[in-house]
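Engineer: Take the sequence shown: its letters are residues -24 to -1, 1 to 393, numbered as in mature numbering (1 follows the signal peptide of the UniProt record, and there is no 0). Glycine included, each C-beta is placed from N, C-alpha and C at the ideal position. Because the structure is a prediction, the values reported are computed rather than measured.
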Amino acid sequence: MSTQMIKRLIIATALTGTLASAAAAEELRFTVWTGSEAHLAMLNGIAESFTETHPDVTVQFDTIPFGDYVQKLTLQLAGGNPPDLGWLLESSAPAFVNAGVLENVSDTLTAADDYNYADFSEPAMGLWTKGDAVYGIPFSTSPFLIYFNKTLYDEAGLETPAERAADGTWTWEQLKSDAAALRNADAGVWGYETVDGQGYGARVMHSLMPIVRAYGGEAWTDGACTLDSPEAAEAVQLFHDMVYADQSTVPPGEQGDFFSGNAALTMTQISRVTKLADVGFDWGIAPLPSGPAGEASTVGQAAVVAFAQGKNKEVAAEFLAHMTSAENVAKMAEFFPPARISVLESDAFLSSNPAVTPEQMEIVAAGIEGGSVLPSHERYPQIEAASRPDFDALWAADADVPAVLARLCDDIDPLLK
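1. Please state the DSSP three-state secondary structure of Q174.
2. For the region 159 to 167 and the region 306 to 315, state whether three or more C-beta atom pairs, one from each stretch, are separated by less than 8 Å.
3. Are the beta-carbon atoms of P59 and F325 separated by less than 8 Å?
4. How long is the line joining the alpha carbons of E338 and I246, rounded to whole angstroms?
5. Strictly under 8 Å for the Cβ-Cβ distance: is V340 near chain B by that measure?
6. Nearest to V281 by CA position, among S273, T274, E290, is which residue?
7. Determine, using beta-carbon pairs with one atom in the region 343 to 361 and one in the region 62 to 74, whether at least three such pairs fall under 8 Å.
8. Give me the residue from V110, A54, N57, E24 with the minimum Cα distance to N80.
9. With DSSP collapsed to three states, give me the class of D44.
10. So the alpha helix (DSSP H) residue 458 belongs to, where does it begin and stop?
11. Quick check on L51: buried or exposed, where buried means 16 or more other Cβ atoms within 10 Å of its Cβ?
12. Considering T84, what are the terminal residues of the beta strand (DSSP E) in which it resides?
13. Would you list the one or two residues that DSSP bridges to E3?
14. Go through its chain and collect everything with a Cβ distance to P41's Cβ below 7 Å, but skip five positions before and after it.
15. Taking the Cβ atom as the reference point for each residue, do A211 and G193 lie within a distance shorter than 8 Å?
16. Whole angstroms are fine: how far does the CA of A88 sit from the CA of T27?
17. Can you list the beta strand (DSSP E) stretches of 3 or more residues lying completely in the region 127 to 175, in chain order?
18. Short of 6 Å in beta carbon distance, which residues of its chain neighbour T242, apart from the five on each side in sequence? Order them along the chain.
19. Ordered along the chain, which non-local residues of its own chain (more than five positions away) have a Cβ less than 8 Å from that of V275?
20. Counting pairs of Cβ atoms below 8 Å between the region 255 to 264 and the region 95 to 102, do you hit three or more?
21. Short of 6 Å in beta carbon distance, which residues of its chain neighbour G286, apart from the five on each side in sequence? Order them along the chain.
22. Give the secondary structure of F115 by DSSP, where H, G and I count as helix, E and B as strand, and everything else as coil.
23. Restricting to Cα atoms, I'd like to know which of A306, D90, S205 is closest to Y191.
24. Evaluate S236 with the Cβ neighbour count: other Cβ atoms within 10 Å of its Cβ, from every protein chain shown; 16 or more gives buried, anything less gives exposed.
25. Less than 8 Å between C-beta atoms, sequence neighbours within five positions excluded: which residues of the same chain meet that for S373?
26. Starting from Y123, follow its DSSP beta bridges and name the residues at the other end.
27. What's the C-alpha gap between H216 and V188?
28. Are the Cβ atoms of A178 and G167 separated by less than 8 Å?
29. Just how far apart, CA to CA, sit M299 and G229?
30. Using CA coordinates, which residue listed in V46, L214, Q231 is at the minimum distance from D172?
31. Determine the direct distance from the alpha carbon of A306 to that of S328, and round the result to whole angstroms.
32. Can you tell me which of V226, A331, L184, T333 puts its alpha carbon nearest to the alpha carbon of A272?
33. Where do the ends of the alpha helix (DSSP H) carrying G346 lie?
34. Of all the options M18, Q213, D389, which has the alpha carbon lying nearest to the alpha carbon of T197?
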């Protein structure tokens, strides 16, 4: 939904009296998009520690599937059933900030003991502040990585992505070649799987932007779409060829789960390492491949926010401060790379996840340091809706990639200005 639609819906429900008045309820409702038992156990542990100073408060974490998250959250806000807190992606930040649906928590953070707001990276806070107001605190500033099935690489006698990254030969062209070589249709093994298997829908930008940036392209700059540039078109063509010419990549409508051993490579973030706990193969982590424009790390960011229509705004802001304290950010760093400089630069961060070696966590830290956050815009929901038919047209074997991208830019340019 657009920023204006969000505003209108919330104003309408306020006028009809459906928004509950502020009350000192004992339960905070917190929306997330994870269903991971490890993630939820960690979050519940942080919530339990909050009761030491707030014994009458409990926190309920409600999981909304990622693909439905923004739509369902917006409907909750508009329908008079707002959560108190939630996670929010970088792409949604400008729309939600400008719609006035996020609570300014700056005073609460300033008043919190030993909070040290200055410890947060200033660039990481860019999407979540407006003047002196603070509308969210990033809990995850996580670069995209390549996970690979080392067992399949060893059986094929191929140099692994980690080895190639070390010797400077890890490129998107090499990943394309590896995916084709490792595809085994008889065994039901794909060469490559998109981010969470959602690379043609909810995560299309997550899947394409790392390649586009490695080829020197960008989604939009200075109020104009640039996905139709020669650089971007070349990058998208490479991915399209992986899907249709090589038939090495899980195509739209097919299933191929890296974490079940059904794909040799995938692009994802460090939080997904929980899904590798009991796999029956050796695995490894590598940075994103380089391209003609060199290395181009892409970072996905998400923040903890409190909602202005929540029933327990004061307590919600206090929980936000508690959750993003240095101590709790260090706990979350196991899965969610932090924006707190002191935690990110600590030796403890490199050993925070027992399933990941310090050397692999150094890849994460380097990706944050040199990375760029995924594209965002005040009208991102409208941009996403306008571009969807064009992206759908892209996923056909005979698609004219440059022509589709040119049409896409024609469709979203008015929204970018």
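Structural biologist: Here's the rundown:
1. Collapsing the DSSP output to three states places Q174 in coil.
2. Result no; under three Cβ-Cβ pairs closer than 8 Å.
3. No, these two residues do not count as a Cβ contact at 8 Å.
4. So the two alpha carbons sit approximately 12 Å from each other.
5. Checking the listed chains, one finds no chain B in this structure; it contains a single protein chain.
6. Minimum Cα distance to V281 is reached at E290.
7. Verdict: yes, contact present.
8. Comparing Cα-Cα distances from N80 to each of V110, A54, N57, E24, the minimum goes to V110.
9. Helix.
10. Past the boundaries of the shown model lies residue 458; the chain is included only from -24 to 393, so the question cannot be answered.
11. L51 is exposed by the Cβ-count criterion.
12. Element bounds for T84: not the beta strand (DSSP E) but the alpha helix (DSSP H), 82 to 87.
13. Looking at the DSSP assignment, E3 forms a beta bridge with T34.
14. Contacts found: W9.
15. Contact: yes.
16. Their Cα atoms are separated by approximately 16 Å.
17. The DSSP assignment places 166 to 169 as complete runs of the beta strand (DSSP E) inside the region 127 to 175, in order along the chain (cut-off: 3 residues).
18. Contacts found: Y123, E169, F234.
19. Around V275, the same chain offers T117, S118, P119, F120, G343, I344, G347, S348, V349, L350 as residues with beta carbons nearer than 8 Å, after the five sequence neighbours per side are excluded.
20. Contact check between the region 255 to 264 and the region 95 to 102: fewer than three CB pairs, one atom from each, fall below 8 Å, which does not count as touching.
21. In chain order, P58, D60, A292 place their CB closer than 6 Å to the CB of G286, counting only its own chain and leaving out the 5 sequence neighbours on each side.
22. F115 falls in the strand class under three-state DSSP.
23. Minimum Cα distance to Y191 is reached at S205.
24. S236 comes out exposed.
25. The question names Ser, but residue 373 in the sequence shown is Ala. Hits under 8 Å: Y220.
26. In the DSSP output, where bridge partners are listed per residue, Y123 has T242, I261.
27. Whole-angstrom Cα-Cα distance: 12 Å.
28. In this structure, G167 does not lie closer than 8 Å to A178 by Cβ.
29. Going by the C-alpha atoms only, they are around 38 Å apart.
30. With distances taken between Cα atoms, D172 lies closest to Q231.
31. Their backbone Cα atoms lie some 8 Å apart in a straight line.
32. Comparing Cα-Cα distances from A272 to each of V226, A331, L184, T333, the minimum goes to L184.
33. Looking at the DSSP string, the run of the alpha helix (DSSP H) that includes G346 is 334 to 346.
34. Selected option, being the one with the closest Cα: D389.
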